[in-house]
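The next block holds one structure in the form of structure tokens; read it before the comments.
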Amino acid sequence: MIKPSTFSIVAYDPASRAWGIAVASKFPAVGAVVPWAEAGAGAVATQSHANTTFGPEGLSMMRSGQSAEATLEALLDRDEGRELRQVGMVDAHGRPATFTGDDCFAWAGGTTGDHFAVQGNILVGPQVVEAMAETFQISTGDLPDRLLAALQAGDQAGGDRRGRQSAAILAVKAGAGYAGFNDRWVDYRVDDSTDPVPQLVDLVAVHKLYFGESEPEDKLRIEAEVLVALKRMMAAEGLYAGTPDDAWDDPTRRALRQFVGNENFEDRTDFDTRQIDRPVFEFLQKRFGK
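Just so you know, the sequence shown maps onto residues 49 to 338 in our numbering.
Here it is, written out as structure tokens:
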């Protein structure tokens, strides 16, 4: 049986009440196998001859109030293949647990710290896990940022000794999914690549561009030179036929709605207050500016 020989981190952020996993492997589509998470329940990484039932069953048990340690012990007790398994968990309160079976291929092992667990198998050595744990503890930013920083550190420390193929990140937070309808905050995968971790970092950067939200001081008024620049971009795209001046009128409003709609930036443009988030304006300038 092909196994996800993998390095991963599962973690909890108490400040934002978010849970997540970042994982990479010399294995196709590792994100379809290893990561499981649910807001208010916890997160699970199941790998090395992965028993994928550990994902939904583990989340169900932690949702009911069991600790990660008790959940992991219960799952392993009824698993005849336990010595082939490697698992990391954090529960609803961020308590971590990790397990590496005796029959996992070397180098294999894991560690836990405050609100996180790191584990890996068929690695170049323990330095992969050590680098991930250290980086997560000293990193800043939101939970996806910190998970990616840890994953990059593991990758740069050598990662899977067989090479690179796929990577994934899954982070959940109540109401953080699209339009607030679910808890799937960040969910991206690179399924088959010779260098998946940097590509995963790029995908999350794209996510932040489209779904992030600027602070008030990082919003631009759609007036003066900002409005002129937008009109020039819209004219170049055939969406605006008027003069590229700083006048705000109905044709300008209609053209701008179509322009930002075409680029999926409606949520980062406020037509009532006539404001656009600076990162979006800079992106549009880079792509459409002449």
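Heads up, the beta-carbon is just placed ideally off N, CA and C, and yes, glycines get one too. Computed from a predicted model, the values in this text were never measured in an experiment.
Cut-off 7 angstroms between Cβ atoms - residues of its own chain near residue i, not counting five sequence neighbours on either side
i	result
Asp151	Glu131 and Leu132
Val252	Pro192, Leu196, Ile217, Val234 and Tyr236
Arg209	Ile170, Leu171 and Val172
Leu123	Phe102, Glu105 and Gly106
Thr183	Ala197, Ala198 and Ala201
Asp203	Ala72 and Val245
Ala181	Thr159, Gly161 and Val166
Glu121	none
Option in the options with minimal Cα separation from residue i
i	options	result
Leu257	Ala284, Ala205 and Phe331	Phe331
Asp139	Phe307, Ala93 and Asp127	Ala93
Met281	Asp266, Val234, Glu271 and Lys334	Lys334
Trp67	His97, Gln95, Val78 and Met110	Met110
Ala165	Phe55, Asp231, Lys279 and Ser187	Phe55
Thr300	Ala227, Val71 and Arg322	Arg322
Gln95	Asp243, Val81, Gly290 and Val328	Val81
Asp298	Phe313, Glu285 and Lys279	Lys279
His141	Val249, Pro76, Tyr60 and Val176	Tyr60
Glu261	Ala198, Glu285, Phe313 and Ala122	Phe313
Gly179	Ile57, Tyr288 and Asp250	What sits at residue 179 in the sequence shown is Ala, not Gly. It is Ile57 whose Cα lies nearest to the Cα of Ala179.
Gly286	Ala154, Glu271, Asn310 and Gln114	Asn310
Pro83	Gly113, Gln134, Glu128 and Gln114	Gln134
Lys74	Glu117, Glu121, Asp239 and Gln185	Asp239
Thr100	Ala85, Ser112, Gln114 and Val177	Ala85
Own chain partners of residue i with C-beta closer than 6 angstroms, once the 5 adjacent residues on each side are dropped
i	result
Ser241	Gln247
Thr119	Gly106, Met109 and Met110
Thr146	Gly136, Gly158, Thr160, Ala165 and Gln167
Ala87	Val220, Lys221, Ala222 and Asp231
Gln175	Ala205
Ala156	Thr148 and Asn169
Ser115	Asp139 and Arg143
Ala303	Met282, Leu287 and Tyr288
C-alpha gap between residue i and residue j, whole angstroms
i	j	result
Gly189	Trp296	37 angstroms
Ala224	Leu275	31 angstroms
Glu273	Ile170	56 angstroms
Ile324	Leu268	5 angstroms
Arg65	Asp162	14 angstroms
Gly149	Asp231	32 angstroms
Arg126	Ala98	15 angstroms
Gly90	Pro144	10 angstroms
Ala72	Gly290	51 angstroms
Val328	Arg316	7 angstroms
Ala215	Phe336	31 angstroms
Arg326	Glu263	10 angstroms
Asp320	Arg212	48 angstroms
Arg194	Ser187	6 angstroms
Gly79	Pro292	47 angstroms
Gly23	Asp266	Since the displayed the chain opens at 49 and closes at 338, residue 23 lies outside it and no answer follows.
Pro318	Val308	For the sequence presented, residue 318 should be read as Asp rather than Pro. So the two alpha carbons sit approximately 11 angstroms from each other.
Pro76	Val254	23 angstroms
Gln185	Ala63	15 angstroms
Phe153	Ala227	43 angstroms
Glu28	Val249	The question about residue 28 has no answer, for the chain in this structure spans 49 to 338.
Arg305	Gly113	47 angstroms
Asp243	Phe259	25 angstroms
Val177	Gly207	9 angstroms
Limits of the beta strand (DSSP E) - the one that residue i falls within
i	result
Val71	Ala66 to Ser73
Thr54	Thr54 to Asp61
Phe164	Phe164 to Gly168
Thr160	Gly157 to Gly161
Leu268	Lys267 to Arg269
N- and C-terminal bounds of the alpha helix (DSSP H) containing residue i
i	result
Pro327	Arg326 to Phe336
Gly78	Note on residue identity: the sequence assigns Val, not Gly, to residue 78. Where Val78 is concerned, there is no enclosing alpha helix (DSSP H), given that its DSSP letter is neither H nor E.
Gln204	Leu191 to Gln204
Val344	No information on residue 344 is available, as it lies outside the stretch 49 to 338 that the chain covers here.
Ala181	Gln175 to Ile186
heavy atom of the ligand GDP below 6 angstroms from residue i C-beta
i	result
Met137	Among the components modelled here there is no ligand, and therefore nothing to report on the ligand GDP.
Proximal residues to residue i (C-beta, below 8 angstroms), its chain only, five neighbours per side dropped
i	result
Asp294	Glu271, Ala272, Glu273, Leu275 and Val276
Exercise. Hey, which unbroken runs of the beta strand (DSSP E) at 3 residues or more fall wholly within the region 217 to 264?
Worked result: 232 to 238
For this session: Pick out the complete beta strand (DSSP E) segments inside the region 84 to 110, 3 residues or longer, and give them in chain order.
Result: 90 to 95
Exercise. Where are the beta strand (DSSP E) runs, 3 residues long or more, that stay fully inside the region 292 to 327, in chain order?
Worked result: 323 to 325
Problem set entry | 4-residue-minimum alpha helix (DSSP H) runs that sit fully inside the region 105 to 143, ordered along the chain | 116 to 125
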